[in-house]
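Inspection log for the structure reproduced underneath, given as structure tokens.
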Amino acid sequence: MSTILAKKPSTLTDLPMHYCPGCGHGIVHRLLAETFEELNIADRVIGVAPVGCAVFADDYFTCDTVQGAHGRGPAIATGVKRSKPGAIVFSYQGDGDLASIGMAEIVHAAVRSENITVIFINNAIYGMTGGQMAPTTLVGQVATTAPKGRDPKMQGWPINMCEMLSQITGSKYLARVAVDTPQNVLKAKACIKKAFENQVNNVGFSMVEVISQCPTNWHASVEQALEFVRTKMIPQYPLGVFKDEGAK
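Our numbering applies: residue 4 is where the sequence shown begins, and numbers increase by one.
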């Protein structure tokens, strides 16, 4: 029997990641690192780390990384890209970071069709601060600030970012993926790679939304969290490519 060895991408550092067991952040970091290598852009990449669970993302990538204020990733990425047009710039954000305090930044980056790549992690909860309700929290889902579950009459409805941003002319590539199964991880890799290829080809604004499990703040086992992704998250946030103008 042959043995397949998974080699660590050179664009990841050797520092052990701090993420909770079962969290999807580590998987997405790996997919990003593989993309940087495969597109031969590692020496051009500049990242913007968020405020949230991935606040220490700059420790895990070998590329230069900027740490920004909460929600301001797209604005910072815009400044970096405009001042260094040859750089490949990405903003890595969670759902509270991007869809709450950073809503204006992400919308206007799309309106301007900034030639940046945004990686949006949607786990339907505020992770780092202890499980408060996020803009993406599902109806009925329990959070520390919604102990009886999200009630649309009280807290409104979940925000579907890909569907909303797809109405903006400047959005050139929008995809929603998940990392709950090997098959979905492979599809996620393809979409992430496409989003960075678009930037290399000066297509304009690209965003990949990743549905990610959060066993800790969902108060679930890893197996239960994966089931929650399949039976609850994906029905609310359908996977697929919502806009693709990369070939135009």
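Backbone N, C-alpha and C fix where the C-beta goes; we use that ideal spot for every residue, glycine too.
Residue j beta carbon less than 8 Å from that of residue i
i, j, result
"D98", "P138", "yes"
"K192", "E40", "no"
"N201", "G249", "yes"
"V58", "F123", "no"
"M136", "A149", "yes"
"L48", "I91", "Residue identity differs from the one stated: residue 48 is Val in this sequence, not Leu. Their beta carbons are under 8 Å apart, which means V48 touches I91 by this criterion."
"G152", "Q144", "yes"
"A78", "T68", "no"
Buried/exposed call for residue i, threshold 16 Cβ in 10 Å
i, result
"S215", "buried"
"G50", "buried"
"H222", "exposed"
"V225", "exposed"
"A9", "exposed"
"T172", "exposed"
"P161", "buried"
"G207", "buried"
"G71", "buried"
"G243", "exposed"
"G25", "buried"
Span separating the alpha-carbon of residue i from that of residue j
i, j, result
"S5", "P185", "Summary for S5: the model assigns pLDDT 47, below 50, so the residue's position carries little reliability, and this model does not support an answer."
"D46", "T147", "42 Å"
"L35", "G27", "13 Å"
"M20", "M167", "33 Å"
"C165", "Q239", "12 Å"
"V110", "S13", "33 Å"
"P218", "T120", "27 Å"
"R33", "D62", "13 Å"
"A112", "A102", "13 Å"
"F199", "Y176", "10 Å"
"G105", "K11", "32 Å"
"M236", "G55", "20 Å"
"P53", "F93", "11 Å"
"R115", "Q227", "40 Å"
"E230", "V182", "12 Å"
"L189", "V83", "30 Å"
"G29", "F64", "11 Å"
"A178", "N163", "12 Å"
"Y22", "N187", "20 Å"
"L18", "F245", "35 Å"
Residue from the options whose Cα sits closest to the Cα of residue i
i, options, result
"V213", "N201, N126, G133, V110", "N126"
"S209", "T219, A80, K10", "A80"
"R75", "D100, K235, C23, C56", "D100"
"T16", "V48, C66, I44, C56", "C66"
"L42", "K196, P77, F245", "K196"
"S86", "E108, N118, M131", "N118"
"F170", "F64, G82, D247, K84", "Per the sequence shown, the amino acid found at residue 170 is Gln instead of Phe. Closest by alpha carbon: D247."
"V180", "V83, T68, Q96, P241", "P241"
"T234", "V83, G89, L141, G71", "L141"
"P88", "F64, V203, N220", "V203"
"A107", "H73, Y129, I128", "H73"
"I128", "C23, V232, N220", "N220"
Handout entry: Those runs of the alpha helix (DSSP H) which lie wholly inside the segment 208-245 and span at least 4 residues
Key = Runs found: 218-221, 225-231.
Handout entry: Every unbroken alpha helix (DSSP H) inside the segment 105-180 [4 residues or more]
Key = Runs of the alpha helix (DSSP H) inside the segment 105-180: 106-114, 155-158, 164-168.
Exercise for the section: Any chance you could list the alpha helix (DSSP H) runs of at least 4 consecutive residues sitting entirely within the segment 8-69, in chain order? Expected result: Listed in chain order, the complete alpha helix (DSSP H) runs (minimum 4 residues) inside the segment 8-69 are 28-41.
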